[in-house]
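A.B. asks: Sending over a structure as structure tokens; questions will come in a sec.
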Amino acid sequence: IALLLTPISIIGTTWLYLYPLFHGCGFPVPPPNNLSSPSPQPRIAPFRLLALGDPQLEGDSSLPKPGTPIFPAFRFLEEDLRNAQTWSKRKEILGHALKRAVTKDAPKWLGGKRKMLDLWGNDYYLAHIVRSLRWWTEPSHVAVVGDLLGSQWISDGEFETRAERYWGRVFKGMEKVPDRVMEGEAQSVDGEKKTWGKTVEILGADKGWENRVINIAGNHDVGYAGDMSPNRIERFERAFGKAHWDIVFTLPIPPPPPPPHELDSPGSDEPIDSSPPALRIVIFNSMNLDTPALSHSLQMETYDFVNHIISTSRPVTDKTHATILLTHIPLHKESGICVDSPFFSFHPSGSGVKEQNMLSEYASKMLLEGMFGLSGNQEAEGQGLGRRGIILNGHDHEGCDVVHYISRPKQEEEEEEEEEEGGQIEQPDSITGVLKEAQNQMADSLSTPEIDGDMAANGTTLSTDADFDSDPPPTHWLATHTPTTIPHTTPQIREITLRSMMGDFSGYAGFLSAWYDPVLGEWKLEFETCGVGVQHWWWGVHVVNVVLLAALGVG
1 IALLLTPISI
11 IGTTWLYLYP
21 LFHGCGFPVP
31 PPNNLSSPSP
41 QPRIAPFRLL
51 ALGDPQLEGD
61 SSLPKPGTPI
71 FPAFRFLEED
81 LRNAQTWSKR
91 KEILGHALKR
101 AVTKDAPKWL
111 GGKRKMLDLW
121 GNDYYLAHIV
131 RSLRWWTEPS
141 HVAVVGDLLG
151 SQWISDGEFE
161 TRAERYWGRV
171 FKGMEKVPDR
181 VMEGEAQSVD
191 GEKKTWGKTV
201 EILGADKGWE
211 NRVINIAGNH
221 DVGYAGDMSP
231 NRIERFERAF
241 GKAHWDIVFT
251 LPIPPPPPPP
261 HELDSPGSDE
271 PIDSSPPALR
281 IVIFNSMNLD
291 TPALSHSLQM
301 ETYDFVNHII
311 STSRPVTDKT
321 HATILLTHIP
331 LHKESGICVD
341 SPFFSFHPSG
351 SGVKEQNMLS
361 EYASKMLLEG
371 MFGLSGNQEA
381 EGQGLGRRGI
391 ILNGHDHEGC
401 DVVHYISRPK
411 QEEEEEEEEE
421 EGGQIEQPDS
431 ITGVLKEAQN
441 QMADSLSTPE
451 IDGDMAANGT
461 TLSTDADFDS
471 DPPPTHWLAT
481 HTPTTIPHTT
491 PQIREITLRS
501 MMGDFSGYAG
511 FLSAWYDPVL
521 GEWKLEFETC
531 GVGVQHWWWG
541 VHVVNVVLLA
551 ALGVG
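All the letters of the sequence shown, read from the start, carry residue numbers 1 to 555 under full-length UniProt numbering.
Written as structure tokens, this is what we have:
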């Protein structure tokens with residue numbers, strides 16, 4: 001047996017522990033002409049985000065309840081035998097108990113033990129992915145885009161148990177982002193708690209980021225809008241970090257001088273911004289962005305945070321700035337583009353959203369036009385092209401990679417961006433206007449069935465396709481798979497929904513690289529992905545190794 005298993009063990013173990021090498025896992029690298037130094041150095045992007053989706057750690061909800069008898073068939077056997085009047089009756093009772101114990105109780109007990117072993121193995125399967133990829137690819141940052149745990153309905157005690165497994169097994173040796181980083185320089189106002197501080201750091205200066213995990217809240221962590229309560233938010237933030245926060249990483253180099261055509265353009269008499277190129281990371285809990293919500297105060301915190309992001313962002317014309325939005329629920333897309341289709345259901349009591357596959361069309365528009373400054377109006381500031389950036393999320397376990405763009409009248413062959421810069425209309429610094437429109441339209445499309453109709457009361461679902469088509473927004477956002485041939489003069493942004501790192505989805509991970517191109521004067525964002533394979537490969541290799549060691553020990 002040992003001779004047979006030895007080559008299998010060597011090959012399997014080598015593949016499993018070096019799978020990032022064999023599968024080509026790694027971060028995209030800048031092209032040679034983007035190197036800031038002429039000396040021969042490895043082409044490594046300064047920002048390398050290892051992005052992981054939906055680990056969903058399960059626990060007691062999938063196990064037998066504590067204290068449950070192993071063989072319930074024998075629970076009252078002694079009493080039943082004592083009360084039996086005849087030996088034939090006792091024989092019948094005993095036979096029935098034995099049959100039930102063998103056919104029902106024993107398989108159920110063995111199934112519980114198997115599930116316990118499965119949970120243990122799943123933790124270390126996920127840990128193997130994290131450990132192997134961190135060792136091989138050397139990310140500068142690590143993020144999990146929601147659904148860290150498997151259920152929002154678990155007790156506080158079970159929540160703490162799963163959180164301990166998360167940090168003690170899956171991400172052993174790593175830690176959550178410190179509160180001082182998430183809160184930044186924010187100060188309390190009128191006795192209210194500190195909220196968001198827009199922390200600013202030099203990219204690469206703090207090596208501690210390599211051992212931190214940026215955790216994003218998902219529906220199985222804090223619930224959908226109709227389930228999210230202050231208690232669920234509080235325990236999530238205590239264990240994994242704040243639900244909303246942001247940080248700006250700047251490069252330790254001054255920005256290059258503007259191109260000559262910008263110096264000659266209208267408004268060139270204004271002082272040139274000397275801020276260094278910056279990369280903004282936004283951690284956003286989008287679970288209660290849509291209405292109605294159980295907690296109005298928590299929903300207003302979400303809106304206030306979006307307002308904070310917009311009011312503290314650089315102008316859309318500043319291409320030395322880029323935003324990476326990390327959230328959980330994907331943006332709205334038409335049916336057929338991704339595996340999940342637009343879907344909403346509501347609690348019959350009217351307390352809010354019970355389930356959703358995507359954000360509503362209006363909430364998505366709020367983020368695209370507000371946070372990223374994109375616009376279908378060619379006369380808008382920056383010709384409506386918005387801020388550079390990318391969106392990473394989870395929720396749809398199959399994954400999806402799209403570009404959101406907005407259709408607008410065909411532009412002239414000869415672009416007139418330089419001539420139009422002097423006649424731009426002002427874009428609001430805040431989301432207040434967009435938010436007011438979005439709230440009104442979402443209330444019409446989503447809340448009305450809760451109050452006036454029988455739809456929510458009957459537990460029926462609401463599809464965004466059906467309800468939004470009747471009153472389309474003035475500008476219509478579309479989505480298409482990447483790669484795409486959309487002209488660069490069309491407002492657009494890429495959204496990547498990560499394939500889950502769970503074993504059933506082959507343990508996938510995403511690799512996002514960001515670097516600043518001094519020639520073009522803008523950030524470049526590139527993404528790759530790879531998976532280890534289903535969890536059975538992990539189990540198979542380790543079972544073979546255990547059997548081999550046992551055979552060698554006996555032999």
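Glycine is no exception: its CB is placed at the ideal position from the N, C-alpha and C atoms.
Because the structure is a prediction, the values reported are computed rather than measured.
Starting from Ala514 and walking both ways along the beta strand (DSSP E), at which residues does that stretch end?
C.D. replies: Where Ala514 is concerned, the enclosing beta strand (DSSP E) stretches over 508–517.
A.B. asks: State the Cα-Cα distance for the pair Glu334 and Leu549, rounded to the nearest angstrom.
C.D. replies: 54 angstroms
A.B. asks: For a test of the three-state rule: what should DSSP assign to Ser500, helix, strand or coil?
C.D. replies: coil
A.B. asks: Pairing CB atoms from the region 209–226 with CB atoms from the region 133–148, are three or more of them under 8 angstroms?
C.D. replies: yes
A.B. asks: Buried or exposed for His332, please, with buried defined as at least 16 other CB atoms from any protein chain shown within 10 angstroms of its CB.
C.D. replies: buried
A.B. asks: What three-state label does DSSP hand Pro7 in the structure shown?
C.D. replies: helix
A.B. asks: Look at the alpha carbon of Ile129 and the alpha carbon of Asp54, and state the distance between them as a whole number of angstroms.
C.D. replies: 13 angstroms
A.B. asks: So Asp123 is in the alpha helix (DSSP H); what residue range does that whole segment cover?
C.D. replies: 106–137
A.B. asks: Out of Glu495, Asp396, Thr482, point me to the one whose CA is closest to Tyr508's CA.
C.D. replies: Asp396
A.B. asks: Among the candidates Ile281, Ile70, Asn83, whose CA atom is the shortest distance from the CA of Gly111?
C.D. replies: Of the listed residues, the one whose Cα sits closest to Gly111 is Ile70.
A.B. asks: How big is the Cα-Cα spacing for Asp340 and His96?
C.D. replies: 48 angstroms
A.B. asks: Near Gly168, what residues of its chain come up, given a Cβ to Cβ distance below 7 angstroms and the 5 sequence neighbours on each side ignored?
C.D. replies: Excluding residues within five positions, none has a Cβ falling inside 7 angstroms.
A.B. asks: Answer with buried or exposed for residue 557, where buried requires no fewer than 16 other C-beta atoms within 10 angstroms of its C-beta.
C.D. replies: There is simply no residue 557 to check, as the chain begins at 1 and stops at 555 in what is shown.
A.B. asks: Given a cut-off of 7 angstroms, decide if Ser286 and Thr327 are closer than it, judged by their beta-carbon atoms.
C.D. replies: The Cβ-Cβ distance between Thr327 and Ser286 falls below 7 angstroms.
A.B. asks: Since His308 contacts Arg314 with CB under 8 angstroms, what's their CB separation in whole angstroms?
C.D. replies: 14 angstroms between Cβ atoms; not a contact.
A.B. asks: With respect to the beta strand (DSSP E) encompassing Asn215, which residues constitute its N-terminal and C-terminal limits?
C.D. replies: Its beta strand (DSSP E) spans residues 212–215.
A.B. asks: Under 7 angstroms, do Ala73 and Arg100 count as touching if we go by C-beta distance?
C.D. replies: yes
A.B. asks: When DSSP builds the beta bridges, which residues end up paired with Ala479?
C.D. replies: His404
A.B. asks: Determine whether the beta carbon atoms of Pro139 and Leu57 lie at a separation below 7 angstroms.
C.D. replies: no
A.B. asks: Is the beta carbon of Ala217 less than 7 angstroms from the beta carbon of Ala243?
C.D. replies: yes
A.B. asks: One question on the structure: do Gly382 and Thr317 come within less than 7 angstroms of each other, judged by their Cβ atoms?
C.D. replies: yes
A.B. asks: Is DSSP giving Thr161 helix, strand or coil here?
C.D. replies: helix
A.B. asks: In terms of alpha-carbon separation, which member of Glu92, Lys65, Glu78, Leu81 lies closest to residue 558?
C.D. replies: Any property of residue 558 remains undetermined from this structure, which presents the chain solely from 1 to 555.
A.B. asks: Could you give the first and the last residue of the continuous beta strand (DSSP E) run that contains Asp246?
C.D. replies: 245–250 is the extent of the beta strand (DSSP E) around Asp246.
A.B. asks: Does DSSP classify Lys354 as helix, strand or coil?
C.D. replies: strand
A.B. asks: For the candidate residues Cys530, Lys319, Asp60, Gly370, whose alpha-carbon lies nearest to that of Glu522?
C.D. replies: Lys319
A.B. asks: If we ignore side chains and look at the alpha-carbon of each, how far apart do Thr291 and His536 end up?
C.D. replies: 41 angstroms
A.B. asks: Who does Glu528 pair with in a DSSP beta bridge?
C.D. replies: According to DSSP, which records beta bridges pairwise, Glu528 is partnered with Phe511.
A.B. asks: Which residue from Leu21, Met116, His141 puts its Cα closest to that of Phe511?
C.D. replies: Out of Leu21, Met116, His141, the CA that lies nearest to the CA of Phe511 is found in His141.
A.B. asks: With DSSP collapsed to three states, give me the class of Leu520.
C.D. replies: Residue state, collapsed to three classes: coil.
A.B. asks: Go to Gly392, then tell me how far its alpha helix (DSSP H) extends in each direction, as first and last residue.
C.D. replies: What sits at residue 392 in the sequence shown is Leu, not Gly. Element bounds for Leu392: not the alpha helix (DSSP H) but the beta strand (DSSP E), 388–393.
A.B. asks: Buried or exposed, going by whether 16 or more other CB atoms sit within 10 Å of the CB of Ser447?
C.D. replies: Below a pLDDT of 50, predicted positions are generally treated as unreliable, and Ser447, at 40, falls in that range; no measurement from the model is reported.
A.B. asks: Roughly how many angstroms separate the alpha carbons of Phe505 and Cys400, rounded to a whole number?
C.D. replies: 13 angstroms
A.B. asks: Should Ser345 and Glu355 be called a contact, given that it needs their Cβ atoms to be closer than 7 angstroms?
C.D. replies: Yes.
A.B. asks: With H, G and I counted as helix, E and B as strand and the rest as coil, what does DSSP make of Phe240?
C.D. replies: helix
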